[in-house]
Ligand SMILES: Cc1ncc(COP(=O)(O)O)c(C=O)c1O
Ligand SMILES: Cc1ncc(COP(=O)(O)O)c(C=O)c1O
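Residue numbers (our numbering), protein chains in the order written: chain A, 1 to 409; chain B, 410 to 818; chain C, 819 to 1073; chain D, 1074 to 1328.
Here it is in structure tokens:
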């Protein structure tokens, strides 16, 4: 990135003056940390003792045989503590906050994964913690809210705008400009004002660094393609980062196709034609917005992909043609999820399942002696309410109804 | 163990004649596998690529400081695929079933953890799978049932007897004697007829083998004490096994104190005086039974500890005084759980939390330069319904009530 | 060897003997009393009285339910033994106890066997006690002349059958098929070859149980087995039609 | 430099100037029209008209709600600009636009600035556009004589204030405190030292905004700042008592 936080035409730090000083400091702490090998070592130690890094790379033999094409490997970010790649980012920022000497952290969350991860980090580091979450997401991700609160965080349901992720981000910024001296904003994905996109990608880069070594061990050489779902872009940047240095590895980002690109009810920014360049939430990227520049409502079965913007770094890679972008519909996602559970005994998060969809579409046409990697950004347990709904599971409903009745007494 | 499967006065294989041949074969396959280094290597490879072994050993600094005594280390079996140590056992047996050439597996489950693990293994290995689960447990562990079914297993709710774990075991045996030629019974804990107690302990021994190496790395020498919760005894045997070879490491097994030993509503077999020697479910151990030899109802907030029997190997170690047994009440468990979430950002399963309770009681009286290890057998996400109930969380109840109403429409 | 002699003797006059089964305390001891009376009056040669156990692992739905309901009704082992003694005093056919090992173990193996001897109970069937799992039990039983009746299953190898034969006495209980009590058994060719294996393995009389339900089954067994065991079927009958129906049912089996 | 000259001139006759704020299309353009009329008639020197944006990151509850409600009512940018032009034609005080950068960006920076010039809009306040983030915007604004009004905050270093001063024109908008619009600000000693830092950093007039709500606040600012900015308070007033109440409120501020 250039010194002012741009990646080609994208990025920057479009922030109110009150945050100027904090970003200057944050940028400096980040740069120092990045230049200090001891910092990365401390990060590795933390992630290998508190979470279980390196996370495994699983050879999905049954799925590979089922599709009769390339060997499918799954990078298991679901095995992280708290169940998703989000842990990598929050723990890294936690170490930075310790260095900055701040005692309070705030975070936005969509699916609730980043919220749980941030609350977990705060508990581990002894920080006060407030999580901003759109009211819509609070309602659909209640279990995550429960755990955040149990870990000592205050969860604020944001009732403005579309009451989803983008509004949670606005509210977190409002908190930050007010408590800027004591508080660090633990941004959850590779978006937002510089240095967040680069910094979050740096912490997530551990995924790709592990994956390339693992695929060489198991497969003897590079994969031909790497698939990742794209919400804000952090898990994608995490696994793509290292492979961007290689030749002949095609990188595929999969966005939320929702009810189909044509329906307009989706969150596809880099594939399809509904998005346009814009500046919001502190950075410049491709946004789903109308002609006036007002942000549109997005839709996805996966709360974590349900967002108007995307990492400026990915917009740059998209513009340069270095990453190919596709989308998966809600229905395709449920199918891929079902198949993966039955064939491999693995439960991808709804977000992650988007990457599986595209890999499944392409695997059959690739030779059986080649390998592809799917980044499984998280586990699906957290989504039981959504998944049970999507599968319309009668005994689950009956169970919830009975519980509800007991509670009503 | 002696050739007839006894550990001191405990164990054996009290099985109907129809199973004699199968047990003979199983015993032989097991002994061959045990003598074949390639088998253990295959097991290690599987566990390090499909699950994330070695699981980390986490230094719980905040808890250690909070109690101001020994350094508390936590063995993170919660980070296994499917969220508990149960994965170690099912994957090992899966490899054995492959060798035996059987195509169907059955399993009993209490908490549902072993059921989910077994269903996962079956999906991964391509076996048909039927899970027997007491109706009471089906009702309190619905999410696990949902996942088992999604992974392609048939879940049978057992409506006989106390409709909990022991009845599920009886029913699984009934299936087995009927389908003995095609089917392997994946027993879930270190109980049952020989060779199960020894075989399950063998697969679980990976936990202690990793833990001793890890504690030496982090702490430079052995811990003074190791704590594990005890249901059937598999996670305890798993971490105790390796430490039994060491001098000066005190091993502490923690049973379910339920509403207090005095109340009679508990599942304490080796601590307290309510249990007596008996023979049931195919093995000889200390059972909670009446004077006639009829099994009693047990109680615990943790479904996985709610069982009348205990590993014959642990009964032997208890008799020899090699393991100390304590109990933790339901209330103590909720307290320890709460503290662990807030201080470390870690959510132990209700079963595991029993071990935390006893460690917390003893840590303050141990010198700060000594270490203790708690085996965190699993994660608590699966218990959200039980935990939310126990904490009487109003917004959770409101959420369930609302969902229930929506489903009733 | 009293049981063996007794059965051999009856066998002289019958080309197949009948053994029936009841679960003590189910539906009640009074009902048991009436059922036994009707069985004896209608020519049953031997009755196995099951002392209920909370974990009837080898039993199917019918007998399992009978076990659990009997216990739920408060049945104690002591009552079962008193009732067994009463039956042995009252009727002059052979009475056996069937139960699971934990009941024996908790009562005391020697004590239970002595009690059987004192009460003229002639044998014990313990499906979850393999021959090599309690020397005490087998030595005591033999010493007191109480037959420890052991079991053959289609899965038993010839070699295994020999071992079992040596440890047991009274007769051999051949389970007709894999599985638990209650379901119908196919008495087909495989069954015949199995029974022939049993014959070759032991001199003892062969009882065949598991799913023997009616006159035809018994006819099919006649000439192949020495004893036909009627288990769940009479319990079903009592559940459906009451004790009074038992007599006719039994009478019809060999006629 | 028209805005600067205009304000300097008004400042000669007033020891503090008044700038007020409205959100376009909230509650309606008609209400806006009436509110502006009353503001002008009661001596307001300058009005910032906020073009609503869906992500008003720097605004507090009152103005945020006004933004979102206006958009929910269907307000388009084109209407806002037409309305702004009408106001500038109708009333001879200075009018500015306040909005977020995306609105400018999507409309086209050059296009918007030309439109302002054509419509006699004198300045632009873009809280999320730092001075170094769009050369085009600043060069065009200066070229067309539209003042790009920049912001000081208590967190701005002296050094930073100098940089900002160089890039902006018209006047400096000093936010009275950390945080978003709407809440009351303490105009205490810290505030005074902050204002003194601002004075040292720039020759431009100082406007003070964020939480300025009544006559006392204005009195407290008089002699220290050149312009007092009334933001959320008039919106609260219109919400509570309707446009008619604005005149009296404004009149009372400096009397
Ligand atoms: C499991 C999982 N995967 C992916 C995402 C999308 O975020 P990102 O694109 O930053 O990886 C989320 C966001 O919550 C998530 O929870
Ligand atoms: C997480 C967890 N811990 C412990 C247990 C108790 O089993 P064991 O004593 O065999 O480890 C269970 C059983 O379901 C469990 O799920």
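From the three backbone atoms N, C-alpha and C, an ideal C-beta is built for every residue, glycine too. Predicted model, so just to flag it, every value in this text is computed and none were measured.
If distances are taken between C-alpha atoms only, which option among 1230/D, 1187/D, 1227/D comes closest to residue 1220/D?
If we check each option's Cα against that of residue 1220/D, 1187/D comes out closest.
Looking only at DSSP bridge pairs, what is residue 663/B linked to?
According to DSSP, residue 663/B bridges with 638/B, 735/B.
Between which residues of its own chain and residue 1082/D is the CB-CB distance below 7 Å, once the five residues before and five after are set aside?
Nothing meets the Cβ criterion.
With the cut-off set at 8 Å, would you say residue 123/A and residue 752/B are in Cβ contact?
Cβ distance < 8 Å, so residue 123/A and residue 752/B count as in contact.
Around the Cβ of residue 286/A, are there at least 16 other Cβ atoms within 10 angstroms (buried) or fewer (exposed)?
The residue is buried, with at least 16 neighbouring Cβ atoms inside 10 Å.
Against chain B, does residue 1068/C count as a neighbour if the rule is that its beta carbon must be under 8 Å from one of theirs?
Judged by the 8 Å Cβ criterion, residue 1068/C is not in contact with chain B.
What is the rounded straight-line gap between the Cα of residue 671/B and the Cα of residue 160/A?
Taking the straight line from one Cα to the other gives about 54 Å.
Residue 108/A bridges to which residues according to DSSP?
Beta-bridge pairing links residue 108/A to 132/A.
Residue range of the alpha helix (DSSP H) that residue 183/A falls in?
First-last for residue 183/A: 183-185, but that is the beta strand (DSSP E), not the alpha helix (DSSP H).
For residue 888/B, is the classification buried or exposed, using 16 other Cβ atoms within 10 angstroms of its Cβ as the cut-off for buried?
Because chain B spans 410 through 818 in this model, residue 888/B falls outside it and cannot be assessed.
Closer than 7 Å, Cβ to any Cβ of chain D: which residues of the region 153-177 of chain A, in chain order?
The region 153-177 of chain A vs chain D, Cβ under 7 Å: 160, 161, 166, 170, 173, 174, 177.
Any chance the CB of residue 642/B is under 7 Å from a heavy atom of ligand 2?
Residue 642/B Cβ: within cutoff of ligand 2.
Do three or more CB pairs link the region 1279-1290 of chain D to the region 1243-1250 of chain D at distances below 8 Å?
Counting Cβ pairs under 8 Å, three or more are found: they touch.
Which bits of chain A does residue 1229/D rub up against, with CB to CB less than 9 Å?
By Cβ distance, chain A contributes 17, 18, 20, 21.
What is the C-beta distance between residue 294/A and residue 1101/D, in whole angstroms, given that I count them as a contact (C-beta under 8 Å)?
Incorrect: roughly 18 Å between the Cβ atoms, too far for contact.
Kindly give me the distance between the Cβ atoms of residue 323/A and residue 203/A, rounded to whole angstroms, as I take these residues to be in contact under 8 Å.
No, residue 323/A and residue 203/A are not in contact; Cβ-Cβ is about 19 Å, not under 8 Å.
Buried or exposed: residue 690/B, going by 16 or more other Cβ atoms within 10 Å of its Cβ?
Classification for residue 690/B: buried.
Let me know the secondary structure DSSP gives residue 800/B once reduced to three states.
Correct three-state label for residue 800/B: coil.
Does DSSP put residue 1232/D in a helix, in a strand, or in coil?
Residue 1232/D falls in the helix class under three-state DSSP.
Considering Cα atoms alone, identify which of 331/A, 260/A, 303/A, 45/A is closest to residue 54/A.
The candidate whose alpha carbon is nearest that of residue 54/A is 45/A.
Output, in chain order, the set of chain B residues within a Cβ distance shorter than 7 Å of residue 951/C.
Those within 7 Å of residue 951/C in chain B are 421, 423.
Counting only beta-carbon atoms, is residue 30/A nearer than 8 Å to chain B?
Judged by the 8 Å Cβ criterion, residue 30/A is not in contact with chain B.
Tell me where the alpha helix (DSSP H) around residue 1053/C begins and ends.
Run containing residue 1053/C: 1050-1059, per the alpha helix (DSSP H) assignment.
Can we count residue 494/B as close to ligand 2, meaning its CB is less than 7 Å from some heavy atom?
Yes, ligand 2 has a heavy atom inside 7 Å of this Cβ.
With 16 other CB atoms within 10 Å as the buried threshold, where does residue 273/A fall?
Its Cβ having fewer than 16 others within 10 Å, residue 273/A is exposed.
Measure how close the beta-carbons of residue 375/A and residue 222/A come, nearest whole angstrom, since I'm counting them as under 8 Å.
The pair is not a contact, with the Cβ atoms about 15 Å apart (cut-off 8 Å).
Indicate, with yes or no, if ligand 1 has a heavy atom lying under 7 Å from the CB of residue 1195/D.
Not so, every heavy atom of ligand 1 lies at least 7 Å from the Cβ.
For residue 255/A, is the beta carbon positioned less than 7 Å from some heavy atom of ligand 1?
Incorrect: residue 255/A has no Cβ contact closer than 7 Å to ligand 1.
Can we count residue 786/B as close to ligand 2, meaning its CB is less than 7 Å from some heavy atom?
Residue 786/B Cβ: within cutoff of ligand 2.
Could you tell me if residue 951/C is buried or exposed, where buried requires 16 or more neighbouring beta carbons within 10 angstroms of its beta carbon?
Buried, by the Cβ-count rule.
If distances are taken between C-alpha atoms only, which option among 1175/D, 1137/D, 1190/D comes closest to residue 1157/D?
Residue 1190/D is the option with its Cα nearest to residue 1157/D.
Going by beta-carbon coordinates alone, are residue 354/A and residue 271/A separated by less than 8 Å?
Cβ atoms of residue 354/A and residue 271/A: not closer than 8 Å.
Name the residue from 974/C, 1072/C, 1065/C whose alpha carbon lies nearest to the alpha carbon of residue 860/C.
Ranking 974/C, 1072/C, 1065/C by Cα distance to residue 860/C puts 1065/C first.
Between residue 1175/D and chain A, is the shortest Cβ-Cβ distance under 8 Å, so that the two count as touching?
Yes, because at least one Cβ of chain A sits closer than 8 Å to the Cβ of residue 1175/D.
Who are the neighbours of residue 532/B on chain A, taking C-beta pairs under 9 Å?
Near residue 532/B (Cβ distances below 9 Å), the residues of chain A are 62, 341, 342, 343, 344, 345, 346.
Roughly how many angstroms separate the alpha carbons of residue 1241/D and residue 1204/D, rounded to a whole number?
Residue 1241/D and residue 1204/D: Cα-Cα distance of roughly 8 Å.
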